[in-house]
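Number of protein chains: 2
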Amino acid sequence: MSGLIRVLLVDDHPVVRRGLRALVDELPDVEAAGEAADGAEALRLLEDGVRPDVVLMDLQMGDGMHGVEATRRITALPRPPAVLILTTYSTDADILAAVEAGATGYLLKDAPPEELAAAVHAAARGETVLAPPVAARLLGRVRSGGRPALSPRETEILGLLAEGLANRQISRRLFISEATVKTHLVHVYGKLGVDSRTAAVAAGLAAGLIRPV
Amino acid sequence: MSGLIRVLLVDDHPVVRRGLRALVDELPDVEAAGEAADGAEALRLLEDGVRPDVVLMDLQMGDGMHGVEATRRITALPRPPAVLILTTYSTDADILAAVEAGATGYLLKDAPPEELAAAVHAAARGETVLAPPVAARLLGRVRSGGRPALSPRETEILGLLAEGLANRQISRRLFISEATVKTHLVHVYGKLGVDSRTAAVAAGLAAGLIRPV
DNA sequence: CCGGGCGTCAACCGTTCGATTGATTTTCGG
DNA sequence: CCGAAAATCAATCGAACGGTTGACGCCCGG
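Just so you know, the sequences run in chain order A and B. Positions 1 to 213 (full-length UniProt numbering) are the ones given, in order, by the first sequence. Positions 1 to 213 (full-length UniProt numbering) are the ones given, in order, by the second sequence.
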């Protein structure tokens, strides 16, 4: 494992792929094993015999498969590579999801190149690396007793809130009664410390519990 | 003007800057004139005598000066360079604002490298270049009679809505009566084709009239 | 085995919101 | 100079929303 570290770059932006490749090629003991524009293409490459040590992957990818799903499938492969998530926002709703999906680490795109290099090396050694802002966020969530941790159902309803649906519409969408929707909402308001649906959407967005898109 | 095209790269992500530099350096008649991590740094460079023909600038820049403001100030300089906006989303709330601020063109980060190269050349010749999705969006907005074009006040109120404020809070924030807030909201709902505040936030977000932050 | 979180539902009540109508002032473009 | 759009305010009314209380079954973990 002490030879060249082979890295597969996955990002839907050609510009970012080029930047990553430039940075990676600059490191003496690292080489790019390939590039993919989305999760599906990355999986195809892996199944076609490309064997990187580390996958550097963006979470937000416009059209193609989402990064979390791709991570899940990659780590489900036999002898999977380490998956390093590279994302734009530390407030992303999917940090936790990505970690649970088996991601080895989490980096921010505005990280300095040295940090990226260190992370790639660490990931190749099987270590977990979290960018400081990300780590702080995760810790904050754990330390606070997982307080802002909405239940799955509550998160689902918050998502529908963010689409602008009224209680009745939500109830029909989920095949539950309006009363139940209201109960969930009361819980959501309590956990988020707000007192209106619109404020809940704002807080949920800010806390990264739901994603804009 | 037929010599080397000098390009100043402005983006808060080191990875993106590297990607842009790699792409730019690959073009025979283009060279990078410098890099900046935000609008303020770009302005400093320009005032310190860096004289690029084209400024390639991201709109979303975390901490520093926002791209629109930077564009405004750059185009206000004597003999200003062309400003090419490079952004992630075609749904950005600031497309129009950037154009009005004097941007020469608008590119998406997921554009293929050739498109970027063509845009830089066009910008250096003083031509306006809009990425097809961006152009379509602008046209759509103009063609539809500027329908979703909220008035400044309405946009402001929509922004406060998205922060989760109640009508009374908005009225106090803006030093107007609650009745006025409601009147504005009715207009907003009409223009967006919705019938609730939460739906208005969702629609405003989707239409890029307000930004998530 | 039992407490507790989760998901479901109901009834009540006060408040906020959305819709409507109508009015005044300013500003801007034709 | 006149009309249109924007911004301001008021009053009303029904519908939607938020808060509260109470209830039931499920399942997990101590």
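We put the beta carbon where it would ideally sit given N, CA and C, even for glycine.
In the DSSP secondary-structure assignment, tyrosine 106 (chain A) is bridged to A:Ile85 and A:Leu130.
Chain-order list of chain B residues neighbouring valine 201 (chain A): Ala162, Gly164, Thr198, Val201 and Ala202, by C-beta distance under 9 Å.
Secondary structure within the stretch 11 to 61 of chain B: the alpha helix (DSSP H) runs of 4 or more consecutive residues, fully enclosed, are 14 to 26 and 39 to 47 (chain order). Any Cβ of chain B closer than 8 Å to the Cβ of proline 52 (chain A) would place that residue at the interface, and such an atom is absent. Taking leucine 4 (chain B) as the centre and dropping the five residues before and after it, the same chain places the C-beta of Asp29, Val30 and Glu31 closer than 8 Å to its C-beta, in chain order.
Residue nearest to glutamate 163 (chain B) within the set B:Ala122, B:Leu46 and B:Arg197 is B:Arg197 (criterion: CA-CA distance). Looking at the DSSP output, leucine 9 (chain A) sits in a beta bridge with A:Glu35 and A:Leu56. Of all residues in the stretch 12 to 42 of chain B, those with a C-beta nearer than 8 Å to a C-beta of chain A are Asp12, His13, Pro14, Val15, Val16, Arg17, Arg18, Gly19, Leu20, Arg21, Ala22 and Leu23, reading in chain order. Note on serine 171 (chain A): 16 or more other CB atoms within 10 angstroms of its CB, so buried under the neighbour-count rule. In the displayed model, histidine 66 (chain B) falls within coil according to three-state DSSP, outside both helix and strand. At a cut-off of 8 Å between beta carbons, aspartate 58 (chain A) makes no contact with chain B. For aspartate 48 (chain B), there are no neighbours in chain A by C-beta distance under 7 Å, as the nearest C-beta there is about 23 Å away. Chain order gives the chain B residues near valine 194 (chain A) as Gly164, where near means a beta carbon separation below 8 Å. Annotation for proline 152 (chain B): the continuous alpha helix (DSSP H) segment containing it runs 152 to 162.
The C-beta distance from leucine 84 (chain B) to leucine 46 (chain B) rounds to 15 Å, too long to meet the 8 Å contact threshold. In this model, alanine 82 (chain B) and aspartate 11 (chain B) are separated by some 16 Å (Cα to Cα). Of all residues in the stretch 98 to 121 of chain A, only Lys109, Asp110, Ala111, Pro112, Pro113 and Leu116 come within less than 8 Å of chain B when Cβ atoms are compared, listed by chain position. Using a 10 angstroms sphere on the CB of alanine 119 (chain B), the tally of other CB atoms reaches 16 or more, which defines it as buried.
Here the stretch 17 to 26 of chain A lies against the stretch 17 to 26 of chain B, with 3 or more beta-carbon pairs under 8 Å apart. Proline 113 (chain B): member of the alpha helix (DSSP H) spanning 113 to 124, first to last residue. Straight across, the Cα-Cα distance linking valine 188 (chain A) with alanine 200 (chain A) is about 7 Å. Less than 8 Å separates the beta-carbon of arginine 6 (chain B) from that of proline 52 (chain B). Looking at the backbone, the Cα of proline 113 (chain A) and that of proline 14 (chain B) are separated by about 7 Å. Between lysine 191 (chain B) and alanine 202 (chain B), the alpha-carbon positions lie close to 14 Å from each other.
Counting along the chain, the unbroken alpha helix (DSSP H) around serine 171 (chain B) starts and ends at 167 to 174. With contacts defined as CB atoms closer than 8 Å, leucine 8 (chain B) and alanine 33 (chain B) qualify as a contacting pair.
Where valine 201 (chain B) is concerned, the enclosing alpha helix (DSSP H) starts and stops at 197 to 206.
A direct Cα-to-Cα measurement between isoleucine 157 (chain A) and aspartate 195 (chain A) gives close to 15 Å.
Cβ-Cβ distances below 6 Å link valine 24 (chain A) to Val7, Val30 and Ala32 in the same chain, with the five nearest sequence neighbours on each side left out; the list follows chain order.
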